[in-house]
Amino acid sequence: MKRTGILNRHLAGALAELGHGDGVLVCDAGMPIPDGPRVVDLAFRAGVPAFAEVLDGLLAELVVEGATAAQEVREANPEASALLEEHFPALDLVSHERLKELSAGARLVVRTGEARPYANVLLRCGVFF
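This note's numbering numbers the first residue of the sequence shown as 22 and each following residue consecutively.
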């Protein structure tokens with residue numbers, strides 16, 4: 022058994038399969054999940070695991086070259102907005118409807134138990150070299 026890092030075998034395996042340019046949607050419990058991408062649903066109950074915890078764990082495992090979020094996050098969820106702006110100074114903001122459209126092209130969806138609006142981000146994988 023692994024001692025550190027991501028222990029969820031479905032998530033660890035999905036992350037290992039990602040390549041340069043692949044999209045990973047990290048979303049709250051209310052985000053519509055598109056048909057097509059592999060889905061790892063971590064939601065246990067409302068708020069567990071939190072969006073911030075899942076995002077921090079993923080960022081410890083992934084190289085990310087860009088991120089996109091809904092512009093509505095700034096007003097509707099200032100805490101999530103601050104977290105995203107801290108991690109991604111060049112965060113691309115689009116309408117929530119556009120984020121849902123872009124999410125259809127993601128290779129992986131990681132659903133958290135977050136129960137606050139607009140706690141969603143689409144990550145674009147980079148390379149470590």
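Cβ atoms here follow ideal geometry from the backbone N, Cα and C, with glycine treated the same way. Please read these numbers as outputs of a predicted model, since none were measured by experiment.
Which same chain residues end up closer than 6 Å to residue i when comparing Cβ atoms and leaving out the 5 residues on each side of it in sequence?
i	result
residue 32	61
residue 55	124, 125
Beta-carbon within less than 8 Å of residue i's beta-carbon, same chain only, minus the 5 sequence neighbours each way: which residues are those?
i	result
residue 68	134, 135, 136
Would you call residue i buried or exposed, if buried means 16 or more other Cβ atoms sit within 10 Å of its Cβ?
i	result
residue 102	buried
residue 124	buried
residue 132	buried
residue 23	exposed
Taking Cβ positions only, does residue i come closer than 7 Å to chain C?
i	result
residue 49	Note that chain C does not occur in the displayed structure, where there is just one protein chain.
Can you tell me which of the options puts its alpha carbon nearest to the alpha carbon of residue i?
i	options	result
residue 83	140, 24, 44	44
residue 52	150, 138, 35	138
residue 96	110, 59, 85, 117	117
residue 35	46, 143, 59	59
So, under 8 Å CB-CB, residue i and residue j are touching, yes? Tell me the CB distance rounded to an integer number of Å.
i	j	result
residue 140	residue 65	Not a contact, Cβ separation roughly 16 Å.
Identify, in the order they occur along the chain, each residue of the same chain with its Cβ nearer than 7 Å to the Cβ of residue i, setting aside the five sequence neighbours on each side.
i	result
residue 112	88, 90, 105, 106
residue 152	Within the shown structure, residues of the chain are numbered from 22 to 150, placing residue 152 beyond reach of any answer.
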